[in-house]
Structures are given as structure tokens and as C-alpha cells.
Amino acid sequence: MFYYIEGRVSHIEPHIAVIDCAGVGYLLNVTNQTQSLLSNGDTVKLYTHVYIKEDAFDLYGFYDIQERDCFRLLLGISGIGAKVALSILSTLSPEKFAIAVLSEDEKEITRSPGVGKKIAQRIILELKDKLKKSFGDIGRTGTAFGSQLDPEAGDKLGESIMALQVLGYGASEATNALNGVDPSESTENMVRYALKRLLKQ
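This is the structure we're talking about:
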């Protein structure tokens, strides 16, 4: 329905931003990450998700597509609603969220208010299973990069590829974006490096 909304920020309060677009004030629910990048009076473009149920018609806004795609990914998990998804992405960046899933770090996910151990385990189970079925054990040998890598570097590169796939990129896109990355970097830094390259394309 709405892909993005572009306009002037007219009001900000916790988890809410009002965007004035052609004289209409759109109230968007936002994460802490997105809100930290907004200032009253600025002209911004927020990528949106419309959340409709029997008693609600809510609009969610995200500063970048990766955050929006993570939000949608979370909504696809049984028992995860918009409030929980917003809470998770207010605590974890898309990169950290993807890495927490791949490393089965439920403690990292439960740092989000309102997210208990069972929810964290369900998120990891459902998303990691999807990754395994779709992408197999890529990265363990480092062959996706056409060169021999030591096992530790291969694992980190593989995790980085899968983290980028969690964020909505294809395997070839992710692989190309990681070409030339320093294998000694952390997985999080690798993903951040790749995202910067992808966003410039």
C-alpha cells in the first residue's frame, strides 16, 4: 500500500514520529534506531509497513530497508506481533539481530523488553531452520569466495553471507559485497562493510 513516506518531521516522541507529507501528518511507529536519526524539521524518507488487524490500522516507519525487512521477517513468526518486533529492533540493529540468530545467541535477543527465553528460542529455531534449508552450509570451506580460507575465516564469511540473506539479499549479492573484506574482522563488521557497499549500488 505504502512503500515509503517522504516529508518533514513535525513531531517526535518515544517510538513515534509524525511526518508531514503534502499537508497530511502521518503517525508512524518507529524503532529507537530510526528515531535516533530523526530531528524536527528535517526532510526524511521512511520505508513503511502497514499493520492491519481487526482493531488496528497502524503504520510503521524505518530509516532503511534492512530494518523494515527484519520487521517483516519477525512478523512471519508465530506469536510475534508488531510490538515485540519493534522492541527487538529497538534493541538490536539488523546486523546484530541477524548475527544473534545465526549464532543462536538467545541471551542477546532477550535483551529486548518483553522478549523472553521462549520467544527468543522460537525466533532462532524458525529463522535458522529457514536459512539451513535455503542456503545449506555455505561458508564452512570458504569456497564461495573462490579461495582457500582458514576454517575460522570461512565460518565468519559464511555467517556474514547468511546474515545478509536474513536481511533480504541474495546469496550472490552477499558474496560479491563481501569480496575484499578483511577475514580477521568480526562478523558484525563484515556485515556492516557489505551493507555499506550494497547501499552505494
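Everything in the sequence shown is counted per this note's numbering, starting at 514 for the first residue and increasing by one.
Virtual Cβ for every residue (Gly too), placed ideally from N, Cα, C.
**Asked** Taking only runs of the beta strand (DSSP E) that begin and end inside the stretch 518 to 550, which ones reach a length of at least 3 residues, in chain order?
**Response** 529 to 534 and 537 to 542
**Same chain, Cβ closer than 8 Å to Phe610, neighbours up to 5 away in sequence not counted** = Cys583, Ile601, Leu602, Ile622 and Val679
**Message:** Considering only the alpha carbon of each residue, which of Leu712, Tyr576, Arg581 and Leu640 lies closest to Val563?
**Reply:** Arg581
**Request:** Spatial neighbours of Val522 within its chain, please: CB distance less than 7 Å, with the 5 preceding and 5 following residues excluded, ordered by chain position.
**Result:** Ala530, Ile532, Leu551, Ser552, Asn553, Gly554, Asp555 and Val557
**Message:** Spatial neighbours of Ser591 within its chain, please: C-beta separation below 8 Å, excluding the five flanking residues on both sides.
**Reply:** Arg635 and Glu639
**Prompt:** Does the Cβ of Val537 have 16 or more other Cβ atoms within 10 Å, making it buried, or fewer, making it exposed?
**Reply:** exposed
**Message:** According to DSSP, simplified to helix, strand and coil, what is Gly671?
**Reply:** helix
**Item:** Cut-off 8 Å between Cβ atoms - residues of its own chain near Lys641, not counting five sequence neighbours on either side
**Value:** Val614, Leu615 and Glu617
**Assigned exposure category for Lys709 - 16 Cβ within 10 Å defines buried** = exposed
**Message:** I'd like to check one pair, Leu559 with Phe575: are the Cβ atoms closer than 8 Å?
**Reply:** yes
**Which of helix, strand or coil DSSP assigns to Leu578** = Looking at the sequence shown, residue 578 is not Leu but Ile. Three-state DSSP puts Ile578 in a helix.
**Request:** To the nearest angstrom, report how far apart Ala569 and Leu586 are at their CA atoms.
**Result:** 20 Å
**Prompt:** Would DSSP call Leu680 helix, strand or coil?
**Reply:** coil
**Item:** Where Thr561 sits in the DSSP three-state scheme
**Value:** strand
**Prompt:** The alpha helix (DSSP H) spanning Phe515 covers which residue range?
**Reply:** It is not in any alpha helix (DSSP H) - Phe515 carries neither H nor E in the DSSP assignment.
**Message:** So, with DSSP's three-state summary, where would you put Asp695?
**Reply:** coil
**Request:** Could you name the residues that DSSP lists as bridge partners for Leu572?
**Result:** Val563
**Request:** Determine the direct distance from the alpha carbon of Leu599 to that of Glu619, and round the result to whole angstroms.
**Result:** 17 Å
**Message:** So, at 6 Å on beta carbons, what are the nonlocal neighbours of Ala595 in its own chain, with the 5 sequence-adjacent residues on each side left out?
**Reply:** Tyr564
**Request:** Please classify Thr688: does DSSP put it in a helix, a strand, or coil?
**Result:** helix
**Asked** By the 10 Å Cβ neighbour count, where 16 or more other Cβ atoms means buried, how is Ser606 classified, buried or exposed?
**Response** buried
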